[in-house]
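What follows is a short report on a single structure.
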Amino acid sequence: MKKMLLFAGIIALALCFSCKTSHNRDAVLLDSGWKFRTGDDPAWASASYSDAKWDTICPNKVWEEQGYKGYDGFAWYRYHAVIPSSMRLKAFIKDSIQILLGKIDDCDQVFLNGELIGENGRTVYTKREPPVDFFKEQGRWFIDRRYVLASNDPRIHWDKENLLAIRSFDQGGAGGMFGSPFEISMTDLQDHLKFDYTSSAFTFTGDSTITKKFTIQNLSSTEEFKGKLTIEAILSDNGINVYTENTGLDITPGLKFEKPVTFKKSMAAPAILKITFTESTSGKKVTSEMEIPYILTPKIPAKPRINGAKVFGVRPWSPFQYKVAASGSAPLVYSASDLPQGLVIDQFTGLITGSLKKKGDYLVKLKVTNKLGSDSRDFKIVVGDVFSLTPPLGWNSWNCWGLTVSDQKIRQSADAMKSSGLIDHGWSYINIDDGWEDTHDRDGNILPNAKFPNMKGLCNYVHSLGLKIGIYSSPGPKTCGGYEGSYTFEAKDAQNYASWGIDYLKYDWCSYWNIAPKATLDQMKNPYKEMKHAIRKANRDIHYSLCQYGMGDVWSWGAEVDANSWRTTGDIEDTWESLSTIGFSQGKCSPWSAPGRWNDPDMLVVGWVGWGPALHYTRLTSSEQYTHITLWSLLAAPLLIGCDLNQLDAFTLNLLTNDEVLAINQDPLGKQAVQVKKTSEYEIWARDLEDGSKAVGLFNKTDKPLNVPVDLKDLKVNGKPVMRDLWSQTDLGRVAVHFEMKTQPHGARLVKLAK
Ligand code: GAL
């Protein structure tokens, strides 16, 4: 069960909205007049059932906000609507009708006149019996509910009263329908012509040539569309059109094709790719816009530069492995003075290994040299009870490969972490998520499945590259993917992990619901304590990452179970809605973040993602991705890349290798940012840094460029601090009292203010 914590960003309105629609067409609006009751009875799908005594409810707010606080489980909504055939007669395209039901938390079955027409966001095209276990599917609260039926579908009763019944199931948290729109309407040109930008990344050649392929699909099974396709590239700052292409388009029913476009634009300038289809007989237009990525991080210098964390924690006796992160043209030669006894550095790889027996702080001077010069930097090793003194930087298999992860994919990802240069900026973990487990043998040892023939060999391989390796399990009998969990095998599992050389464990609640169906706070902690003791005995620093979606305000007790990080939310998706809802709701856990104890708002959704095996290029715009990395850095969040590292495009690599931005995430003070200001248009978050300066993030939540204003008094900054733009790595001089920065739609600016 995934608990959706806050819908604050999604649920815009506090009242049942009045009847109007955003589309320019006839529609039956379903904004008010809904009947509601909790419970479950198949008879409630029937048109002949009387709901006269049911409560009324607004569809745009979850039921917990309408008098059903704390109610989880089944509930039904019913609506009586006449669907006029005049709507069909007047429509430009007459073949399909759509029922839009906002969003539903978490699962739903929709019945029209007693027949099932939709389930969990998917239309049920032909009459069939309703499946019984729809409510067990992972929560679908973030999916728009749009059910499309053929106009001649016998389940529709034209010009008569129709009964729409929604059987919804809330797995926990909010519950039921919310968002918008709620209507029955004919589909129109924009519903049939789909533009998609996720089949390729933008590629950059030289300093200004950009290529992109996008797809156009005719979703209609009957209509052919003819007209003109206009492709434009428009600079966001001044509206100047830098590219226009006009071509004829004749797209038959069901056809999908890819269209390449090449144009010139300065890399750093924000711009929009605008595609317009003008239908020739009606003149109707469908427009779609996509931001063209802008590259901000300057080129990595050829001279040596030491990057990565300034502090590293280890427990006494635990195997020590730290790879000095440094960029510059190869070959680099590494050295370290004042290394404590017990540690050695490999001069060719920069890998520091060994072990330390005595608690204490050790100050080391790192040096990296190449033929162009050298760089040196102080580095503190802290031998104590807590490790992961800065948030982990790495990669996890889930957001790209899902359950199709394999030994080969892990090795390839580790290779790519090194060959792409990410390792030179401090990225160090390669984490296997769900999908590696088989069963426990007679002696209680967990056996990897056939996709992982040699776990120890795999761990050795990843370590040999200077990287660390992570694994995944559940305290329940089964993982969320249905694989074997650790329930009753905790001690043995931890021993096996340690003997293989595992450095990171993600421990995911999943089927523990079967053990503790209505878990109290203590019951929420217990399985995590169990594994804590098991890991402690393993005598190896294994980063302990809790995944239970924030239940029981885990941030307030994660440290108690020895966790190094804990997920604060349900699963992230590569949409602005998911990213912004999760990211901007993290203020509540700020006070609990500290070195070795990190709030985890879930993994990164940049690059090629897809939850396996088919991948798509992230649906986030480049500005949204700047927001992602900026906010997650300010939040001192673990940064776990979720994409295929073998397909890193120029933009993604640039986004993930800005050392000044990563330094904010890795700041040794370990203080998470707090929300300084929030309006409907923008937010400002700020984080105190170890050197006494402040990192400040400005976020534009609107879909237009915005000058975000900042008052120094809100930041509790006096005098005239020096300001540096961290994405472009440029000094902006001194500021006093107030400043403003232009911020792209859904984008961010990140600055550092120093005395
Ligand atoms: C989810 C978890 C995901 C992923 C998945 C694996 O519960 O939140 O991040 O680990 O399980 O099945």
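Heads up, the sequence shown is in this note's numbering, so the first residue is 67 and it goes up one at a time.
A virtual CB, placed ideally from N, CA and C, is assigned to each residue, including glycine.
- By alpha-carbon distance to Lys654, the top candidate from Pro667, Gly662 and Pro734 is Pro667.
- Within the region 228–268, complete beta strand (DSSP E) segments of at least 3 residues are found at 242–252 and 259–262, given in chain order.
- In the structure shown, Ser659 falls within a coil segment according to DSSP collapsed to helix, strand and coil.
- Rounded to whole angstroms, the gap between the alpha carbons of Asp303 and Thr363 is 19 Å.
- The C-beta of Leu571 has 16 or more other C-beta atoms within 10 Å across all chains shown, which makes the residue buried.
- Nearest C-alpha to Thr796 among Asn724, Asp777, Thr647 and Gly536: Asn724.
- If you ignore the 5 residues before and after Tyr309, its C-beta comes within less than 7 Å of the C-beta of Glu298, Ala299 and Phe329, all in its own chain and listed in chain order.
- Taking C-beta separations shorter than 6 Å and ignoring five residues to either side along the sequence, the partners of Val214 in its chain run Ser162, Gln164 and Thr189, following chain order.
- Boundaries of the alpha helix (DSSP H) harbouring Ser646: Trp642 to Gly649, taken from the DSSP string.
- Gly551 has its Cβ no nearer than 7 Å to any heavy atom of ligand 1.
- Along the region 526–584, the beta strand (DSSP E) occurs as fully enclosed runs of 3 or more residues at 534–539 and 570–574, listed in sequence order.
- Proximity to Gly374 across Gly272, Gly487, Thr419 and Pro382 peaks at Gly487, based on C-alpha coordinates.
- According to the DSSP assignment, Phe453 belongs to no alpha helix (DSSP H), since it is labelled neither H nor E.
- Residue ranges of uninterrupted alpha helix (DSSP H) with 4 or more members, entirely inside the region 145–197 and ordered along the chain, are 151–156.
- Scanning the region 412–487 from its first residue to its last, the whole alpha helix (DSSP H) runs of 4-plus residues come out as 464–467 and 473–485.
- As a beta-bridge residue in DSSP terms, His682 pairs with Val675.
- Along the length of the region 677–729, whole alpha helix (DSSP H) runs at least 4 residues long occupy 688–700 and 716–722, reported in chain order.
- As the crow flies, the alpha-carbon of Ala560 is around 15 Å from that of Pro543.
- According to the DSSP assignment, Lys340 belongs to the beta strand (DSSP E) that extends over Ala337 to Glu345.
- Closer than 7 Å to some heavy atom of ligand 1: that describes the Cβ of Gly547.
- The continuous stretches of beta strand (DSSP E) do not include Ile601, which lies in the alpha helix (DSSP H) extending over residues Leu587 to Lys603.
- Assignment of beta-bridge partners to Gln652 by DSSP yields no partner.
- In the three-state scheme derived from DSSP, where H, G and I count as helix and E and B as strand, Pro382 is classed as coil.
- In summary, His529 is buried, with 16 or more beta-carbon neighbours lying within 10 Å of its beta-carbon over all protein chains present.
- A direct Cα-Cα distance of roughly 36 Å separates Gly105 from Asp499.
- Here DSSP, grouped into helix, strand and coil, assigns Ser631 to strand.
- Looking from the CA of Leu459, the closest CA among Gly439, Ile535 and Gly616 belongs to Ile535.
- For Val783, same chain residues with a beta-carbon under 8 Å away, outside a window of 5 residues either side, are Lys760 and Leu819 in chain order.
- Secondary structure at Ala820: strand, using DSSP grouped into helix, strand and coil.
- Short of 6 Å from the beta carbon of Gly439, and not among the five residues preceding or following it, lie these beta carbons of its own chain, in chain order: Lys369.
- The alpha carbon of Arg194 has as its nearest neighbour, out of Lys279, Gln175, Arg211 and Arg206, the alpha carbon of Gln175.
- By the Cβ criterion, the region 443–461 is in contact with the region 374–386, since at least three pairs of Cβ atoms, one from each stretch, lie closer than 8 Å.
- The Cβ-Cβ distance between Glu550 and Glu503 falls below 8 Å.
- By the CB criterion at 8 Å, Asp569 and Tyr615 fall outside the cutoff.
- By the neighbour-count criterion, in which 16 or more other beta carbons inside 10 Å mark a residue as buried, His804 falls on the exposed side.
- A distance criterion of 7 Å places the beta-carbon of Cys525 beyond contact range of ligand 1, judged by its closest non-hydrogen atom.
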